[in-house]
Structure formats: C-alpha cells, structure tokens
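J.: The numbering of the sequence shown is my numbering, which starts it at 6 and goes up by one. Dropping a structure here in structure tokens format, bear with me for questions.
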Amino acid sequence: MQKKKGWVFLLLCSLLAGSLSLSASEDLPYIKLKPSVANEILNSAYKYVGSLDRFSIDVFTINDDIEEDMIVEVKHSTKVLVDRPDKLYIATRGDGKNKNLYLNKGIFTMYDVDQHYYAQLKTPGTIDGTLDYLFEYYDIKTPLANILYSDIAKRLKPTTQGHYFGLTRIQNVLCYYIGFSNKNSELQMWVEARGEPRIIKFTIIDKTGKREMRSTSWLRWNRKIPRKDYSLFHAPRNAMKINIEVPEGRK
Numbered sequence: 006m007q008k009k010k011g012w013v014f015l016l017l018c019s020l021l022a023g024s025l026s027l028s029a030s031e032d033l034p035y036i037k038l039k040p041s042v043a044n045e046i047l048n049s050a051y052k053y054v055g056s057l058d059r060f061s062i063d064v065f066t067i068n069d070d071i072e073e074d075m076i077v078e079v080k081h082s083t084k085v086l087v088d089r090p091d092k093l094y095i096a097t098r099g100d101g102k103n104k105n106l107y108l109n110k111g112i113f114t115m116y117d118v119d120q121h122y123y124a125q126l127k128t129p130g131t132i133d134g135t136l137d138y139l140f141e142y143y144d145i146k147t148p149l150a151n152i153l154y155s156d157i158a159k160r161l162k163p164t165t166q167g168h169y170f171g172l173t174r175i176q177n178v179l180c181y182y183i184g185f186s187n188k189n190s191e192l193q194m195w196v197e198a199r200g201e202p203r204i205i206k207f208t209i210i211d212k213t214g215k216r217e218m219r220s221t222s223w224l225r226w227n228r229k230i231p232r233k234d235y236s237l238f239h240a241p242r243n244a245m246k247i248n249i250e251v252p253e254g255r256k
C-alpha cells in the first residue's frame, strides 16, 4: 500500500512537471532585462490608460480594515465608465459601501444607495480637475485614481527603481509582475504582457500605521462601452439632498 501511494505521488509530480514545461515552452513576449524595466512597464501602462478617451472596466477590490483589533477583509465591486474629458460614472456595491458617483461637465454628485441621500458640488469641468479639487478641499480620494487621471504617467513617476518579478497569469491573462517600494507604501502591479499594456491587477500597501494595510484590485476591461450616458444624475423620488461641508483647515 505504501509503494502504491509513493507511485501515485511520483505520477502527480511528473504530470505537474509536464504541465510546467508546456507552459514554459509557449511563445513568451520578449523583454530586455535591465534595471529600469519595471519603471518602463509602469510608465507604458499609465500612458495607455491616460490616452483612452472612453473606457469601461469592472473592478473587484479587497481592502484591509481594523475591526475588534483584527485586520478584516472588506470586499466590493465597482463599475467605472470614463468619457473624457468631463464625464465619469462610478458605481460601488459591497460590504457596507453602496454608492454612486457622477460627474457631468462640472457637476459632481455622490449618491448613497442605501440611505437615499445625495450631495452635489460644482467642480472644475474635467475629470482631472475634479479629482484634484475633491482631494484638496474635501479629502475625498480613491485608489482607482491611478486609472482615472489622463496624465497619471506624469503625476505618479516612481521615485525609486522598481522591481521586475517576471511573467505570471492573472485571470488567464499573461502579465508582467512589477513592484515599487518606499518608506510609506508599496505598489505591486500586474500589466498585460501581450497587446495593449492594460493594468489587470494592483496592490497598494500602506506602511504608515501600526499595521500594514493592503488594498488589492482586479480589473476586467470591457470591450463594449454602453451608449447610454450614465454620468448624468437623476434624483430618485425618495432621495434627499444634503450639503457637504468643507473640512476644517481646508477652506
């Protein structure tokens, strides 16, 4: 019986080895290994998403949070529709977070789906200008900002040399795996290796607190973009409008 178990184990090992050799023998993208390769991959990914006038993606995110002195996972799904320069729609559903964001030519709206209230702000007309305005005056920010800005390649140039970890598959998509680290945070990113350099997954690690907090997002790029303009908010009948106060010290 012991010999039979050992034979089965060896058979499994040989099968696994065979599958690995098949994977390794496929026609892989050529990449010149040099110290700056990770920075170049990141730059190409940011330039690509910044060059798109219209795109639609579905994002699944897992964030770390603290509850009863433990790190717990908070999950949510997000649909993003971008129509540059001045239209944006973001719908988020998940653990305690069911909200929609709308931007239509300088009118920014936040709508809480569960509480049925909404708030509106007059912002700079563009997506880029609105994101800057919301962060500067209201401390509203999103980890998805790295796919929303049109000039993200200029804004987020890495200040340190990146790391290239090789090729791997995410959601059956062959990706370059790269990473960047500094004193306060780490960024890990998986960028499509064939065709357009789409960001398929990214992880942000915040190292500024007592515990390192992680946020990981998986992106699915949609081939078809809805014709309907989702960026224009229409208040439901039972929705209540509220005001947003500028936080102290940011006026």
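Every residue, glycine too, gets a C-beta built ideally from N, C-alpha and C.
The beta strand (DSSP E) with Leu172 in it runs from where to where?
T.: Start at 1 with the first residue of the sequence shown, and residue 172 comes out as number 167. Element bounds for Leu172: His168 to Ile175.
J.: Report all residues from its chain with a CB closer than 8 Å to the CB of Gly184; omit the five preceding and five following residues, and keep chain order.
T.: Position 179 of the sequence shown, counting from 1, holds the residue named residue 184. If we look at Gly184 and ignore the five residues flanking it on each side, its Cβ neighbours are Ala43, Gly167, His168, Phe170, Glu191, Leu192, Gln193 and Met194.
J.: Let me confirm a value: Thr202 is counted as buried when at least 16 other C-beta atoms fall within 10 Å, else exposed. Which label applies?
T.: Walking along the sequence shown from the start, residue 202 turns up at place 197. Here residue 202 is Pro; the residue named in the question, Thr, does not match the sequence. Result: buried.
J.: In the structure shown, what three-state DSSP assignment does Tyr94 receive?
T.: The residue you call residue 94 lines up with position 89 of the sequence shown. Here Tyr94 sits in strand by DSSP.
J.: Using only CA atoms, which one of Asp119, Gly111 and Arg232 lies nearest to Pro90?
T.: By one-based count along the sequence shown, residue 90 stands at place 85. Selected option, being the one with the closest Cα: Gly111.
J.: According to DSSP, is Tyr142 helix, strand or coil?
T.: Translated into the one-based positions of the sequence shown, residue 142 becomes position 137. Note: Tyr142 maps to helix in three-state DSSP.
J.: For Asn68, which of Leu47, Ser82 and Lys104 has the nearest alpha-carbon?
T.: Here residue 68 refers to the residue found at position 63 when the sequence shown is read from its first residue. Looking at the Cα atoms, Ser82 is the closest of the given residues.
J.: Evaluate contact between the segment 240-253 and the segment 96-113, counting only Cβ atoms and requiring at least three cross-stretch pairs below 8 Å.
T.: With the cut-off at 8 Å, the segment 240-253 and the segment 96-113 do not touch.
J.: Just to confirm the assignment: which complete beta strand (DSSP E) runs, minimum length 3, are found wholly within the segment 32-100?
T.: Complete beta strand (DSSP E) runs here, min 3: 59-72, 75-88 and 92-99.
J.: My output table needs one value for Ala124: the three-state DSSP class, helix, strand or coil.
T.: One-based indexing of the sequence shown puts residue 124 at position 119. Strand.
J.: In three-state terms, what does DSSP make of Asp156?
T.: Reading the sequence shown from its first residue, position 151 is the one you call residue 156. DSSP places Asp156 in coil when its eight states are reduced to three.
J.: Return the CA-CA distance between Met115 and Leu86, expressed in angstroms with no decimal places.
T.: Taking the sequence shown and counting its residues from 1, one reaches residue 115 at position 110. Taking the sequence shown and counting its residues from 1, one reaches residue 86 at position 81. One C-alpha to the other measures close to 15 Å.
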